[in-house]
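Asker:
In this note's numbering, the protein residues as written are 410 to 530.
Pasting the structure below:
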């Protein structure tokens with residue numbers, strides 16, 4: 410099995426009003442998502458970590474979404490680095506986000522409100 414960090418991507422330069430469902434809409438077509446950890450810092454830009462079920466899906470997502478224009482923001486998508494250790498809160502998750510894949514209807518098949526383009530699966 411691949412290591413967690415070979416399956417996890419960093420997504421930077423997200424808009425301030427981003428929602429977890431919109432991140433899921435951006436990346437679900439690349440493979441099964443295990444977790445989305447959205448970070449909304451006091452100063453922009455927002456960022457998140459997306460964990461895929463396998464490393465190849467993460468690589469495909471990087472190739473497909475790095476430089477993508479999302480709501481006027483050019484996304485920065487790369488493999489996540491594991492060098493930071495635990496956050497100051499001590500739970501290893503930082504602040505805000507980390508709800509994972511539970512709850513809320515629609516998610517995977519919901520249509521993003523931000524794009525004029527619609528895909529057919």
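Built from N, CA and C at the ideal position, the CB exists for glycine as well.
1) Let's test the definition: count the other Cβ atoms within 10 Å of the Cβ of residue 435 and tell me whether it reaches 16, buried, or not, exposed.
2) Please determine, among 446, 453, 444, the residue with the shortest C-alpha to C-alpha distance to residue 482.
3) Which class does residue 416 belong to by DSSP, given the choice of helix, strand or coil?
4) Do you know how far the Cα of residue 437 is from the Cα of residue 430?
5) On the three-state DSSP scale, how would you describe residue 473?
6) What does DSSP give as the partner residue(s) for residue 438 in the beta ladder?
7) For residue 444, does the three-state DSSP call read helix, strand or coil?
8) If I measure Cβ to Cβ from residue 491 and keep anything under 7 angstroms in the same chain, skipping five residues before and after, which residues do I get?
9) Give the C-beta separation of residue 459 and residue 442 to the nearest angstrom, bearing in mind that I take them to be a contact with Cβ-Cβ under 8 angstroms.
Answerer: Quick look at the numbers:
1) buried
2) 453
3) coil
4) 10 angstroms
5) helix
6) Paired residues: none, contrary to the question.
7) strand
8) 414
9) 6 angstroms
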